[in-house]
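S.K.:
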Amino acid sequence: MTAVTLRYVRTIPLGALIGLTLTGLFVVSALFAPWIAPHGNGEIVGDVWEPLSWAHWLGTDNLGRDLLSRMLYGARTTMVIAALATTLSFSLGSILGFTAAVVGSWFDTLMSRFVDLLMSIPTLIFGLVVLSVLPSNPVTLIMVMGILDSTRVYRLSRAVAVDINAMDFVEAAKLRGESLGWIIFCEILPNALSPLVAELGLRFIFSVLFLSALSFLGLGVQPPEADWGGMVKENKDGIIFGIPAALIPAAAITTLSISVNLVADWVLTRTASLKGGRE
Amino acid sequence: MNSAILTLVAQRIALGILLLFAVSALIFVGTQILPGDVAQSILGQAATPEAVVNLRRELGLNDPATVRYFHWLGGVLTGDFGTALTSRQEITATLMPRLWNTLFLAFSAAAVAVPLAILLGLLAVRYQGGLVDKTISGLALASTSLPEFFIGYVLIFFFAVNLQWFPSISTVYDGMPFFDKLKAIVLPATVLLLAVLAHMMRMTRAAILNVMQSAYVETAELKGLSAFNVIRKHAFPNAIAPIINVVMLNLAYLIVGVVVVEVIFVYPGMGQYLVDHVTKRDVPVVQAIGLIFAAVYIGLNIVADIASILTNPRLRHPK
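Those sequence lines, one after another, are chains U and C. Per full-length UniProt numbering, residue 1 is the first one in the first sequence, and the count goes up by one each step. Per full-length UniProt numbering, residue 1 is the first one in the second sequence, and the count goes up by one each step.
(1) Which residues share a DSSP beta bridge with residue 90 (chain C)?
(2) In chain order, which continuous runs of the alpha helix (DSSP H) of length 4 or greater are located wholly inside the stretch 155 to 235 of chain C?
(3) As an exercise, report each continuous alpha helix (DSSP H) stretch of at least 4 residues that is fully enclosed by the stretch 130 to 208 of chain U, in chain order.
(4) When DSSP labels each residue in this structure, what does residue 237 (chain U) get in the three-state scheme?
(5) Suppose the cutoff is 7 Å on Cβ atoms and the five residues either side in sequence are ignored; what does the same chain contact list for residue 3 (chain U) look like?
(6) Considering only residues of the same chain and omitting the five flanking positions on each side of residue 174 (chain C), which have a CB-CB separation below 8 Å?
(7) Of all the residues that make up the stretch 259 to 272 of chain C, which are near chain U by a beta-carbon distance shorter than 7 Å?
(8) Given this structure, state the Cα-to-Cα distance separating residue 229 (chain U) from residue 253 (chain C), to the nearest angstrom.
(9) Can you name the residues that DSSP bridges to residue 44 (chain U)?
(10) Which residues does DSSP list as the beta-bridge partners of residue 60 (chain U)?
(11) Mind checking whether residue 127 (chain U) and residue 144 (chain U) have CB atoms under 8 Å apart?
(12) Buried or exposed, going by whether 16 or more other CB atoms sit within 10 Å of the CB of residue 304 (chain C)?
(13) Take the Cβ of residue 179 (chain U) as the centre, count every other Cβ of all protein chains shown within 10 Å, and call the residue buried at 16 or more, exposed below.
(14) Would you say the stretch 22 to 42 of chain U touches the stretch 69 to 86 of chain U, given that touching needs at least three Cβ pairs under 8 Å?
(15) Please list the terminal residues of the continuous alpha helix (DSSP H) segment that includes residue 279 (chain C).
(16) Could you tell me whether any Cβ in chain C is nearer than 8 Å to the Cβ of residue 257 (chain U)?
(17) Let me confirm a value: residue 21 (chain C) is counted as buried when at least 16 other C-beta atoms fall within 10 Å, else exposed. Which label applies?
(18) Might you give, ordered along the chain, the residues of its own chain that have their beta carbon closer than 6 Å to the beta carbon of residue 23 (chain C), omitting 5 neighbours on each side?
(19) Cutting at 6 Å between CB atoms, please list the residues of its own chain near residue 7 (chain C), excluding the five before and the five after it.
(20) Where residue 245 (chain U) and residue 105 (chain U) are concerned, what is the direct C-alpha to C-alpha distance, given to the nearest angstrom?
(21) On the DSSP letters alone, give me the boundaries of the alpha helix (DSSP H) that residue 127 (chain C) sits inside.
(22) Rounded to the nearest angstrom, how far is the Cβ of residue 169 (chain C) from that of residue 266 (chain C), given a contact under 8 Å?
(23) By the three-class DSSP mapping on this structure, what secondary structure does residue 277 (chain U) have?
(24) List the residues of chain U that residue 142 (chain C) touches, going by C-beta distances under 7 Å, in chain order.
(25) Residue 220 (chain U) by DSSP, collapsed to three states: which one?
(26) Who are the neighbours of residue 290 (chain C) on chain U, taking C-beta pairs under 8 Å?
(27) Note down, in chain order, all residues in the stretch 4 to 29 of chain U with a beta-carbon under 8 Å from any beta-carbon belonging to chain C.
(28) Please list, in chain order, the residues of the stretch 128 to 154 of chain C that have any C-beta partner in chain U closer than 8 Å.
(29) Figure out for me which residue from U:10, U:16, U:188, U:202 has the closest Cα to the Cα of residue 168 (chain U).
(30) Indicate whether at least one CB of chain U lies closer than 8 Å to the CB of residue 23 (chain C).
(31) Spell out whether any CB of chain U is found under 8 Å from the CB atom of residue 158 (chain C).
(32) Would residue 162 (chain C) count as contacting chain B if we go by Cβ distances under 8 Å?
(33) With the cut-off set at 8 Å, would you say residue 156 (chain U) and residue 199 (chain U) are in Cβ contact?
(34) Of the choices U:115, U:194, U:58, whose alpha-carbon is the least far from that of residue 38 (chain U)?
(35) Rounded to whole angstroms, what is the Cα-Cα separation between residue 53 (chain C) and residue 48 (chain U)?
(36) Taking 8 Å as the cut-off, decide whether the C-beta atoms of residue 258 (chain C) and residue 102 (chain C) are in contact.
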């Protein structure tokens, strides 16, 4: 098994390998945050903005909390909310997109025009408009981010599904009298999976960046809960005194998104070359 | 020939105006979706019943939603966005100087970004597959992953705090000398520039490469034109329409990007004002700014479409 795995690993380009490793590290630290974090999430352990030291590897934050521990817990909050929002946007976007492609007629027109309308307002702006009346809690955030992002998934899955819908096997299924649910989940979904999987990584990154921007603006995850965007906001005043604490969570967001991007790029080229081989 | 183009342009503008009305309705609905009482949620749980009743009357919440919408829309069309709940000031009057500040910031960034991106895009095509090209692709990947606040605070950390070349807070005010203003916005404009530059370069490169693969470019190469002349005389004129499209899309992105950048640099523009009032749950202000941002965004997209209609030779000389 190891020899085969090793041979397979060698075929992965270096960039994707780095991306996979880093993404894996982030996921592991998010999963095991309470066990690996040296201190509690809200525990005040030292002075305000202590520099890096053996006791506090990344120093302390604006209230004297251990920055490394906050980063680990923050990884959890950021990635869980982003992942749930991505899940919502994918389920919603792809099911509506497939349905629009299969049903066609008025449903397709109505949905597509509505999505066009939603996309004509910048996502961040519309998100802010809606958040001005909604309560700030994780559920609202996931709903708002998921629904706004599902417009992109809708467009992609509708475009993919329209092509598949014209194929003979879908026609055959329709003539057999299969239900709409069967056609969507058993005929179209398996064939639309590879472009959607490649898109998944990009949408996840978008969610991470969107959530971080909202938290940075003070409208996302609320303190004392730790999340990376919010941590940048908490520590930004230190910058003027030459204390780089705010740069650490910001760098983490950047690293996470670059590494997921590298993986998504690789998946995209792999599925693209797969298609080339079949044609 | 002109009537055909005029019809197309007029159609596009009419469609845009229709879209704007739909967007205004959507923004209005977006602030009404809260299950329960908007007045209660603005004032919080601790509010007295009298305060809630007063606010309800003030917001006109006792009228049905459609009446409120048309009342609001009528105001907007005559340039009156109503009064802010928190400061009791006329929104239009407070907003205008901020709108100019935002446009000043965004267009200063664009004035550098657009020529630079096109030039670098051309270079990338000229030395395709070379070092310049590879660097651009790498930078494009990085810049889509970089949150604005990361670039922003790195710049502040090095150029405002350590080197002290520029101020860390971009204050501009009325009557400030033009060059002082420019110096104040160097850092925020740089963040915006970096946020769009790589993407714009990459799309410019793709647009020109697409043209470069056509038959007439091959002819031009075969008749012995130098590589640069091929690009300048044959490829570039045909790539103008897609490039304008790229530029407009990125300008639209700039307009949105200013929200975060203004907060980082405490710049007195619309974005900062919006975020402030979202926190205060000041719905009339949020609606006004949301609509203005959406209008600018849609406007830029219309300009992109019209530019591609006007630069398309096939439309200029119909058969």
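Heads up, the beta-carbon is just placed ideally off N, CA and C, and yes, glycines get one too.
M.R.: According to the data block:
(1) As a position in the second sequence, residue 90 (chain C) is number 90, starting the count at 1. Partner(s): C:83.
(2) 178 to 184, 186 to 212, 215 to 222
(3) 138 to 165, 168 to 176
(4) Here residue 237 (chain U) corresponds to residue number 237 of the first sequence, with the count starting at 1. The answer is helix: DSSP assigns residue 237 (chain U) an H, G or I state.
(5) By 1-based counting over the first sequence, the position of residue 3 (chain U) is 3. Nothing meets the Cβ criterion.
(6) In the second sequence, residue 174 (chain C) corresponds to position 174, counting from 1. Result list for residue 174 (chain C): 97, in chain order.
(7) 259, 260, 263
(8) Stepping through the first sequence from its first residue, residue 229 (chain U) is reached at position 229. Stepping through the second sequence from its first residue, residue 253 (chain C) is reached at position 253. The straight-line gap from Cα to Cα measures roughly 20 Å.
(9) Working through the first sequence from its first residue, we reach residue 44 (chain U) at position 44. Beta-bridge pairing links residue 44 (chain U) to U:65.
(10) Your numbering for residue 60 (chain U) matches position 60 in the first sequence. Beta-bridge pairing links residue 60 (chain U) to U:66.
(11) Here residue 127 (chain U) refers to the residue found at position 127 when the first sequence is read from its first residue. Here residue 144 (chain U) refers to the residue found at position 144 when the first sequence is read from its first residue. Yes.
(12) Here residue 304 (chain C) is taken as the residue at index 304 of the second sequence, counted from 1. Buried, by the Cβ-count rule.
(13) For this step, residue 179 (chain U) is matched to residue 179 along the first sequence. Residue 179 (chain U) should be labelled exposed.
(14) yes
(15) Within the second sequence, residue 279 (chain C) is the residue found at index 279, counting from 1. Element bounds for residue 279 (chain C): 270 to 279.
(16) Residue mapping note: residue 257 (chain U) aligns to position 257 of the first sequence, counting from 1. Yes, residue 257 (chain U) counts as interfacial toward chain C.
(17) Numbered from its first residue, the second sequence carries residue 21 (chain C) at position 21. The residue in question, residue 21 (chain C), is exposed, as its Cβ has fewer than 16 Cβ neighbours within 10 Å.
(18) In the second sequence, the residue the question calls residue 23 (chain C) occupies position 23. Answer for residue 23 (chain C): 294, listed in chain order.
(19) Along the second sequence, one-based indexing puts residue 7 (chain C) at 7. So the list is empty, once near-sequence residues are dropped.
(20) Locating residue 245 (chain U) in the first sequence gives position 245, counting from the first residue. Locating residue 105 (chain U) in the first sequence gives position 105, counting from the first residue. Cα to Cα, residue 245 (chain U) sits roughly 55 Å from residue 105 (chain U).
(21) Your numbering for residue 127 (chain C) matches position 127 in the second sequence. Per DSSP, residue 127 (chain C) belongs to no alpha helix (DSSP H) and is neither H nor E.
(22) Taking the second sequence and counting its residues from 1, one reaches residue 169 (chain C) at position 169. Taking the second sequence and counting its residues from 1, one reaches residue 266 (chain C) at position 266. Yes, residue 169 (chain C) and residue 266 (chain C) are in contact; Cβ-Cβ is about 5 Å, under 8 Å.
(23) Here residue 277 (chain U) corresponds to residue number 277 of the first sequence, with the count starting at 1. Unreliable placement is indicated for residue 277 (chain U), whose pLDDT of 38 sits below 50; the coordinate value is still reported in the next sentence. In the structure shown, residue 277 (chain U) sits in a helix (DSSP, three-state: H, G or I).
(24) If you number the second sequence from 1, residue 142 (chain C) lands on position 142. Within 7 Å Cβ-Cβ: 258.
(25) Within the first sequence, numbered from 1, the residue matching residue 220 (chain U) stands at position 220. If DSSP states are grouped into helix, strand and coil, residue 220 (chain U) belongs with coil.
(26) What you label residue 290 (chain C) is simply residue 290 of the second sequence in a count that begins at 1. Within chain U, the residues near residue 290 (chain C) are 121, 125, 126, 128, 129.
(27) none
(28) 141, 142, 144, 145, 146, 147, 148, 149, 150, 153, 154
(29) For the purposes of this step, residue 168 (chain U) is identified with residue 168 of the first sequence, where counting begins at 1. Out of U:10, U:16, U:188, U:202, U:188 has the C-alpha closest to the C-alpha of residue 168 (chain U).
(30) Residue mapping note: residue 23 (chain C) aligns to position 23 of the second sequence, counting from 1. Interface residue, yes.
(31) By 1-based counting over the second sequence, the position of residue 158 (chain C) is 158. So, not an interface residue.
(32) Within the model displayed, chain B is absent; protein chains U and C are what it includes.
(33) Within the first sequence, residue 156 (chain U) is the residue found at index 156, counting from 1. Within the first sequence, residue 199 (chain U) is the residue found at index 199, counting from 1. Taking 8 Å as the Cβ cut-off, residue 156 (chain U) and residue 199 (chain U) qualify as a contacting pair.
(34) Locating residue 38 (chain U) in the first sequence gives position 38, counting from the first residue. For the residues U:115, U:194, U:58, the minimum Cα distance to residue 38 (chain U) belongs to U:58.
(35) In the second sequence, counting from the first residue as 1, residue 53 (chain C) sits at position 53. In the first sequence, counting from the first residue as 1, residue 48 (chain U) sits at position 48. Between residue 53 (chain C) and residue 48 (chain U), the C-alpha separation is close to 45 Å.
(36) Sequence index remark: in the second sequence, residue 258 (chain C) carries index 258 (1-based). Sequence index remark: in the second sequence, residue 102 (chain C) carries index 102 (1-based). Closer than 8 Å, so yes.
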